[in-house]
Amino acid sequence: DAKTTQPPSMDCAEGRAANLPCNHSTISGNEYVYWYRQIHSQGPQYIIHGLKNNETNEMASLIITEDRKSSTLILPHATLRDTAVYYCIAGGTSYGKLTFGQGTILTVHP
Amino acid sequence: DTGVSQNPRHKITKRGQNVTFRCDPISEHNRLYWYRQTLGQGPEFLTYFQNEAQLEKSRLLSDRFSAERPKGSFSTLEIQRTEQGDSAMYLCASIRQGVGNEQFFGPGTRLTVL
Numbered sequence: 005d006a007k008t009t010q011p012p013s014m015d016c017a018e019g020r021a022a023n024l025p026c027n028h029s030t031i032s033g034n035e036y037v038y039w040y041r042q043i044h045s046q047g048p049q050y051i052i053h054g055l056k057n058n059e060t061n062e063m064a065s066l067i068i069t070e071d072r073k074s075s076t077l078i079l080p081h082a083t084l085r086d087t088a089v090y091y092c093i094a095g096g097t098s099y100g101k102l103t104f105g106q107g108t109i110l111t112v113h114p
Numbered sequence: 531d532t533g534v535s536q537n538p539r540h541k542i543t544k545r546g547q548n549v550t551f552r553c554d555p556i557s558e559h560n561r562l563y564w565y566r567q568t569l570g571q572g573p574e575f576l577t578y579f580q581n582e583a584q585l586e587k588s589r590l591l592s593d594r595f596s597a598e599r600p601k602g603s604f605s606t607l608e609i610q611r612t613e614q615g616d617s618a619m620y621l622c623a624s625i626r627q628g629v630g631n632e633q634f635f636g637p638g639t640r641l642t643v644l
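So the protein sequences, as listed, match chains A and B. Each residue of the first sequence is one higher than the last, beginning at 5 in the working numbering. Each residue of the second sequence is one higher than the last, beginning at 531 in the working numbering.
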């Protein structure tokens, strides 16, 4: 799996968009970018994944740069319940093993 | 689909005791993963099963650890002769091979070794 770099922490005001960056400059052509989040004392929760194209689902949008060396997870209207640790994972083996880094602690404040 | 369940949710034990955790994946999910998470760190892969076959083990899984999935449904993770360094959250996840890339995680078992 490619190494990922994320800021250790970020703040966001409730109702505003939260933009979480991730660098994965050594990602190879067939490796996906996955985002998971972990709310305190719970197991990680899948958010979204992508390969080359930007992706959107009911939770978030994923913007991947054209050179695929970085990506941004966008939570369009952050709520207090979005306060969590967000993990960016680049890779994922053929059998699905995930390599987590330390993630970004996102704090959404009123 | 009731989600991945893990039991117990919390376990406190004394050093040197054996402990066993259970994971019940989502039905029809043929792949099952175990991860360990220590405070302030992301989860670390321990091992995974495809049906009843254990196909990879991390070097983190010392010989005191053993995992089974006897009928390809639930799985158990046993730690023998626990050490204080085993204190962590043990997470289980499952996926149905070929159906999406989303791993479904359970709530975890928090182990404290005194």
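Beta carbons: idealized from backbone N, C-alpha and C, even for Gly.
When rounded, the separation of the alpha-carbon atoms in A/H53 and B/Q633 is 11 angstroms. Counting the other Cβ atoms within 10 Å of the Cβ of A/I31 gives 16 or more, which makes it buried. Listed in chain order, the positions of the region 98-109 of chain A with a beta carbon within less than 9 angstroms of a beta carbon of chain B are Y99, G100, K101, L102, T103, F104, G105, Q106, G107.
B/Y620 is positioned such that its CB atom lies no closer than 9 angstroms to that of B/Y578.
Residue burial annotation: B/R611 is exposed, with fewer than 16 other C-beta atoms found within 10 angstroms of its C-beta.
For A/W39, the closest alpha carbon among the candidates A/T9, A/R20, A/G19, A/E18 is that of A/T9. Not a single CB atom of chain B sits nearer than 9 angstroms to the CB of A/P80. A distance of 9 angstroms or more separates the beta carbons of B/A597 and B/Q580. At least 9 angstroms separates the beta-carbon of B/V643 from that of B/T532. Bridge partners of B/I609 according to DSSP: B/V549, B/F595. The Cβ-Cβ distance between A/L110 and A/A21 does not fall below 9 angstroms. Ranked by Cα distance from A/G95, the first of A/R41, A/T87, A/K73, A/P114 is A/K73. Identification of chain B residues near A/H53 by a Cβ-Cβ cut-off of 7 angstroms yields N631, ordered along the chain.
Judged by their CB atoms, A/E18 and A/H113 are nearer to each other than the 9 angstroms cut-off. About 16 angstroms separates the Cβ atoms of A/F104 and B/G636, ruling out a contact at the 8 angstroms cut-off. Listed in chain order, the positions of the region 555-570 of chain B with a beta carbon within less than 9 angstroms of a beta carbon of chain A are R561, Y563, Y565, Q567, G570. The beta carbon of A/P25 sits closer than 6 angstroms to the beta carbons of T76 from its chain, once the five residues preceding and following it are set aside; these are given in chain order. As summarised for the region 20-93 of chain A, the continuous beta strand (DSSP E) elements at least 3 residues long and confined to that stretch are 22-27, 36-42, 49-54, 65-68, 74-79, given in chain order. Annotation for B/K541: the continuous beta strand (DSSP E) segment containing it runs 540-543. Spanning the alpha carbons of B/R599 and B/T550 requires a straight line of approximately 13 angstroms. Taking the CA atoms as reference points, B/F604 sits about 10 angstroms from B/S624.
For B/P637, the chain A residues whose C-beta falls within less than 7 angstroms of its own C-beta are Q46, G47, listed in chain order.
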